[in-house]
Each structure stands twice: as C-alpha cells, then as structure tokens.
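Below is one structure, written out as structure tokens; the observations come after it.
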Amino acid sequence: MTSKYLFPDDFLWGAATAAYQIEGSSMADGAGESIWDRFVHTPGMMANGDTGDTACDHYNRWRSDIDLMTRLNLQAYRFSVSWSRVMPEGRGRINPAGLDFYDRLVDGLLEKGITPLCTLYHWDLPAALDDRGGWLNPDIADWFADYGQVLFEKFDGRVKTWGTINEPWVIVDGGYLHGVLAPGHRSAYEAVIAGHNVLRAHGAAVRRYRQVGKHDIGIVLNIEPKYPASDRPEDEAARRRAEAQMNRWFLDPLMGRGYPEELKDVYGDAMRDFPSEDFDLIAEPTDWMGLNWYTRAVPENAPDAWPVRARPVKQVQHAHTETGWEVYPPAFTDTLVWLHEQTGGKLPLMVTENGSAWYDPPHAIDGRIHDPMRVDYLRNHLKALHDAISKGVDVRGYMAWSLLDNLEWSLGYAKRFGITHVNYATQERTIKDSGLLYAEVIRTNGGVLG
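Numbering (this note's numbering), first residue to last: 38 to 487.
Okay, structure coming up:
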C-alpha cells in the first residue's frame with residue numbers, strides 16, 4: 038500500500054488496560070484487599086458511588102476478551118497485575134490462584150499470537166502494605182522488588198517486555214498531594230517522600246530483574262507538555278514550575294540528573310535532600326520508556342493555586358474531551374521529540390497509553406456505537422505520532438487506551454475511553470467505530486490513515 042503514513046515494518050500495535058479498572062472480583066479466590074478496594078467504598082470519594090467490585094468482569098471474561106483482541110487485529114496487549122491478587126499481604130505468602138489467573142491470561146494471549154506487555158504496578162497497592170505506611174515506608178522498595186521477582190520468575194520468557202510502575206506522578210499527585218485518588222492523602226511532605234520511594238522501588242525492581250530476567254524492562258511516565266499562556270516572565274516561570282512538578286520530577290532523576298531545582302520553589306520546606314546512593318538506584322539503566330499522553334496544558338501564573346502556583350488556561354478554539362482535556366495533536370509530536378531529546382536520543386520509546394473520553398450511549402444502537410470524535414482523535418494522533426517518527430524519534434509501538442470502557446478511577450463509569458463499548462448492565466462488548474478504524478490501521482500498518 039502506498040501511503041504517507043505507513044509505520045515501520047516492526048512497529049507494534051496494541052491496546053492497554055489496568056487490573057483494577059477492568060477485572061472486578063478483586064478479592065476472589067484468596068486475593069487480598071487493595072487501597073482501591075478501600076477507596077471506592079469510602080463515602081464521598083467516588084463519582085456516583087461507583088466501585089470496581091464488578092468493573093468489566095474481565096476476571097471471568099478474559100477468554101472472550103482475548104477473542105475481542107483478535108477481532109481488533111491487536112498484536113500486543115498491555116495489562117497490569119494486581120499485586121494483592123498475587124500476594125494478599127503484599128509480601129511473603131503467594132496466592133497460587135491469583136498467579137494462575139495471569140498464567141492463563143499470558144498463555145491465552147500467546148496462543149492467539151498477541152504479545153503480552155506486563156506492568157507490575159498500576160496504582161492498586163495491597164492494603165496490608167498501606168497499613169505499614171505504603172509508599173511512605175522506605176522498605177517498600179524491597180517489597181516491590183520481591184513482588185516483581187515472583188512475576189519475573191514465573192513469566193519471563195513468555196513476557197519479554199516489562200514495565201515497573203505506571204505514572205509515578207499520578208500515584209503521588211493524586212494519592213498523596215491532592216487526595217483525589219487512593220490512598221487519599223493531602224500533604225506536600227508525604228508527596229515528596231512517596232515520590233522518592235516510588236522511584237526507589239522502580240530502581241530496585243530493575244536491579245532485581247537484571248538478576249533473574251533476560252529481556253526488557255522499563256517504566257511508564259505520563260507527560261503533559263506545558264506551553265506558557267503569554268510571553269510575560271511570570272507566566273514562563275509558572276510554565277517551568279508546572280513542567281518540573283509534572284514532567285521532570287520523575288524523568289530527571291531517572292536520567293541521572295537528580296530532582297529539578299524548581300521543586301524547591303514548588304514544595305518549599307517539604308523538599309528535602311536524599312542520599313546519593315538513592316539516586317544511583319533510581320537511575321538504574323532501563324531498556325525502554327513508556328509514554329502515556331493525552332493532552333497539553335497552557336499555564337499562567339496563579340499565586341493562589343497550591344502548590345505549583347500555576348493554573349491552565351482553557352484554549353476555547355479547540356475541542357475538549359469529556360474530561361475537559363484539550364484536543365491538540367501537534368503537542369503529541371512535540372512531546373515525543375522532547376522526550377527523545379531528554380532521554381539522550383538512545384532510549385527506545387513506546388506510546389503505552391493514548392486515547393480520549395467522549396459521550397457514548399449506555400448500550401449499542403442497532404449493534405453499533407458511532408463515536409466520530411474519538412475516531413477523529415485517534416486518526417489525528419496517529420498522524421502526529423508518525424510525524425514524530427519521521428523526525429527521528431525511536432518509537433517502537435502504540436497502545437490505545439483503552440481496550441474497554443472501564444472504571445475511570447474516582448470518576449467512576451461516567452467517562453468512557455474504550456475503543457470497545459461495555460454495556461455495564463449486561464457486560465456486552467461492542468467494538469466502536471474507533472475500534473473498527475484501529476483494526477484497519479493495524480491491518481494496513483497505518484496505510485489507511487492517508
């Protein structure tokens with residue numbers, strides 16, 4: 038096929054999910070409680086009182102969900118493991134039934150020729166470890182490495198691409214700074230400590246993998262590029278604070294640069310010095326880096342906006358998704374180029390999440406779900422991705438977010454990101470128009486884009 042948007046021959050096309058968002062049955066078959074099991078049952082924390090008790094029932098429907106992946110032509114599937122399903126207390130005892138669930142899932146994927154990409158941690162910390170301080174306890178780096186070793190020894194070889202932690206910034210900003218995600222804390226002091234221990238845990242897991250694994254391991258960051266609202270010096274300073282707090286807080290130490298100086302301006306006395314050996318651990322070399330990308334921000338100086346003193350200005354000239362995020366594909370290209378440069382130009386990248394939430398009806402109409410805004414978002418962002426590759430950025434794959442409509446964390450089920458629709462009353466799956474487009478993108482390796 039002749040097309041200006043053909044992707045590299047070995048480009049990997051897939052979709053992504055997270056355990057708590059889709060599995061349901063979170064404490065079935067001997068599994069332990071997670072911080073999200075607690076959070077969703079805390080009054081006032083979840084939109085509409087939604088919980089993940091059933092979610093998409095993937096724990097029971099995984100076989101048919103793999104069949105769905107084949108209908109979408111997926112070459113890869115990025116999923117996460119529930120730590121407390123495998124280790125109910127977070128350490129020590131292994132739950133065989135929990136491990137067996139992922140064993141069957143991995144084998145089922147391989148039988149269909151789908152490459153499994155495994156994320157160790159996507160936000161669902163075992164509640165038993167939270168009772169010991171969770172991400173505030175420095176021992177968690179060793180706990181996490183021990184947990185990782187269980188999975189490495191069981192699956193390495195069948196799983197050849199590993200991710201340690203999904204979106205450290207969201208774990209810390211949502212869970213420890215603003216309290217809108219589990220475990221629901223609100224403290225700058227705790228956020229700084231938790232962020233450091235998340236990074237230490239990543240480094241410890243990478244070191245452990247080097248001892249027992251033979252393939253590739255990396256980490257997944259969410260990056261939201263910051264463009265100043267004006268050329269005023271105070272807006273540029275706000276942009277730098279926002280960029281440091283969201284993007285460089287975790288990227289810089291991973292690249293061996295330590296924490297950005299601007300974090301002292303953001304967190305004041307809460308920002309402290311840490312031992313140099315911690316930074317050696319954090320900067321343990323990885324084989325790849327994942328990028329989760331959704332939108333950009335245009336911040337202006339806002340002294341009352343704690344703690345960054347920056348507030349995004351809505352760009353009314355562009356469309357915005359159901360989550361209020363601006364649709365601006367050129368920023369996707371810019372971010373990939375920036376991340377390529379920030380990582381030294383030698384670290385392979387993978388788009389591990391990209392997608393958009395739009396209104397979809399609760400059930401299919403005449404067997405179809407028409408989602409023209411999501412179709413447009415997908416098409417234009419894949420073109421922006423191709424533009425970045427054309428500029429020399431080494432991107433190895435793209436995982437659409439998400440395979441299924443699911444529990445959008447504290448927003449509940451009201452926001453749908455799936456390329457497959459889920460009727461939550463019946464659990465019926467319907468591939469949306471965006472999913473049909475994506476299946477053609479994969480079949481033609483991008484050729485259908487134009």
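No residue lacks a Cβ here, since even glycine has one placed at the ideal position from N, Cα and C.
Bear in mind the structure is a predicted one, so any value in this text is a computation, not a measurement.
Rounded to whole angstroms, what is the Cα-Cα separation between ASP183 and GLU60? Taking the straight line joining both Cα atoms gives about 23 Å.
Since ARG32 is in the alpha helix (DSSP H), which residue starts that stretch and which ends it? Since the displayed the chain opens at 38 and closes at 487, residue 32 lies outside it and no answer follows.
State the DSSP-derived secondary structure class of ILE72, mapped to helix, strand or coil. Here ILE72 carries a helix assignment [DSSP, helix/strand/coil].
Would you kindly check if the distance between the Cβ of SER121 and the Cβ of ALA55 is under 7 Å? no
So, for THR152: in the same chain, excluding its five sequence neighbours on each side, which residues have a beta-carbon less than 8 Å away from its beta-carbon? LEU49, GLY51, GLN112, ALA113, TYR114, LEU146, LYS197, THR198
CB contact flag (ASP179, ILE72, <7 Å): No, the Cβ-Cβ distance between ASP179 and ILE72 is not below 7 Å.
For THR457, which residues in the same chain have their Cβ closer than 8 Å to its Cβ, ignoring the five residues on either side in sequence? Non-local beta-carbon contacts of THR457 in its own chain, meaning distances under 8 Å to residues more than five positions away in sequence, involve LEU105, LEU109, LEU440, LEU441, ASP442, ARG466, THR467, ILE468, LYS469, GLY472 in chain order.
Given a cut-off of 7 Å on the beta-carbon distance, is the pair PHE287 and PRO205 in contact? yes
Which of the three DSSP states is assigned to VAL478 in this structure? helix
Ends of the beta strand (DSSP E) at ASP253? 253–259
Paired residues, beta bridge with THR1 - DSSP: Any property of residue 1 remains undetermined from this structure, which presents the chain solely from 38 to 487.
Among ASP371, VAL335, TRP343, nearest to TRP362 - alpha-carbon criterion: VAL335
GLU390 (DSSP reduced to helix, strand or coil): strand
Could you check if ASN338 is buried or exposed, using at least 16 other CB atoms within 10 Å of its CB as the buried criterion? buried
Cβ distance (whole Å) where PHE454 is taken to contact ALA368 below 8 Å: That belief does not hold up - the Cβ atoms of PHE454 and ALA368 are roughly 19 Å apart, past 8 Å.
Apart from the five residues just before and just after GLY487, which ones in its own chain have a Cβ nearer than 7 Å to its Cβ? If you ignore the 5 residues before and after GLY487, its C-beta comes within less than 7 Å of the C-beta of SER40, LYS41, TYR42, all in its own chain and listed in chain order.
VAL388 beta carbon less than 7 Å from that of LEU328: Closer than 7 Å, so yes.
DSSP three-state call for ASP302: helix, strand or coil? helix
Does VAL196 come out as helix, strand or coil in the three-state DSSP assignment? strand
Quick one, which of ALA275, GLU321, LEU218, TRP160 has its alpha-carbon nearest ARG294's? GLU321
Compute the Euclidean distance between the alpha carbons of LEU376 and ILE260, then round it to the nearest angstrom. Distance between the alpha carbons of LEU376 and ILE260 is about 9 Å.
So, under 8 Å CB-CB, TRP172 and TYR57 are touching, yes? Tell me the CB distance rounded to an integer number of Å. With 8 Å as the limit, TRP172 and TYR57 do not qualify as a contact, their Cβ atoms being about 16 Å apart.
Bridge-paired residues (DSSP) for LYS263: ALA334
For PHE48, write down the residues that DSSP places opposite it in a beta bridge. DSSP, once it has assigned bridges, lists no residue as partnering PHE48.
Going by DSSP, what residue range makes up the beta strand (DSSP E) through ASN329? 325–329 is the extent of the beta strand (DSSP E) around ASN329.
Cβ neighbours of TYR450 in the same chain (closer than 7 Å, five flanking residues each side left out): ASP87, LEU444, TYR461
TYR114 by DSSP, collapsed to three states: which one? strand
Use the C-beta contact count for GLU378: other C-beta atoms within 10 angstroms, 16 or more gives buried, fewer gives exposed. exposed
Same chain, Cβ closer than 6 Å to VAL303, neighbours up to 5 away in sequence not counted: ARG278, GLN282, PRO344, VAL345
What separation, rounded to the nearest whole angstrom, lies between the Cα atoms of PRO45 and ARG405? Roughly 32 Å separates the two Cα atoms.
Delimiting residues of the beta strand (DSSP E) encompassing ARG128: Neither: ARG128 is in no beta strand (DSSP E) and is coded neither H nor E.
On the three-state DSSP scale, how would you describe HIS400? coil
Applying the 10 Å Cβ sphere with the 16-neighbour rule, what's the burial state of LYS251? exposed
With burial defined as no fewer than 16 other Cβ atoms inside 10 Å of the residue's Cβ, what is the status of LYS351: buried or exposed? Its Cβ having fewer than 16 others within 10 Å, LYS351 is exposed.
Quick one, are the C-beta atoms of VAL229 and MET308 less than 7 Å apart? yes
Proximity below 7 Å, CB of ALA318 to CB of GLY212: This sequence places Leu at residue 318; Ala is not what is there. In this structure, GLY212 does not lie closer than 7 Å to LEU318 by Cβ.
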